[in-house]
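Shown next, in structure tokens, is the structure this report addresses.
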Amino acid sequence: MTDAAALAAIHAASFDHPRPWSAAEIAALLATAGSFALTEPGGFLIGRTIADETELLTLAVEPGRRRQGIGGRLLAAFLARAAQDGARRIFLEVAADNDAAIALYTRHGFRRAAIRKGYYRRPDGSRTDALILSRPAGPAPENS
């Protein structure tokens, strides 16, 4: 059983916009068909497989534990899980100004599929685009 409160604490430390997810929201999401969590000390990933598509819903790593490979290991485990679940295509959404996340996803074979203009509202009221990234299911590229 995944500790939704612990995941919510990591999410709150990792995101301030649009807003962090509550423990109740995480628990409800994980109770839905096809949803799953992958965890490591200091980080977690939530994904969902429906039919032959898997979506990465969130990836959070505590700020003090970043740049230690946690995100990369979680993403590699996510790709393996998607293949195990029978996914043919994998999707995710990321803020266009989240350079670190975009670099991680690109190293794992994700490419831009679409853009949602002005999708995210920042705390100061400004907006930034959301990039929809995708890749075929299967192993990550060798350079990940």
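Counting from 1234, one number per residue, gives the positions in the sequence shown under the numbering used here.
Quick reminder that beta carbons are idealized off the backbone N, C-alpha and C, glycines included.
- Straight-line measurement puts the Cα of Phe1269 at about 17 Å from the Cα of Gly1275.
- Bridge partners of Pro1253 according to DSSP: none are assigned.
- Scanning its chain for C-beta atoms nearer than 6 Å, with the 5 sequence neighbours on each side dropped, one finds around Gly1351 the residues Arg1360, in chain order.
- One thing to note: Thr1287 has its Cβ within 7 Å of the Cβ of Ala1315.
- Within the same chain, and ignoring the five residues on either side of Arg1354 in sequence, the residues whose Cβ sits closer than 6 Å to its Cβ are Arg1360.
- The alpha-carbon of Ile1323 is positioned some 11 Å away from that of Ala1284.
- Thr1235: not part of any beta strand (DSSP E); DSSP gives it neither H nor E.
- In the structure shown, the three-state DSSP call for Gly1280 is strand.
- Proximity of the segment 1251-1260 to the segment 1297-1306 falls short of the contact definition, fewer than three beta-carbon pairs being nearer than 8 Å.
- Ala1270: not part of any alpha helix (DSSP H); member of the beta strand (DSSP E) spanning Ser1268 to Glu1273, first to last residue.
- In this structure, DSSP gives Asp1332 a helical state, which the three-state scheme calls helix.
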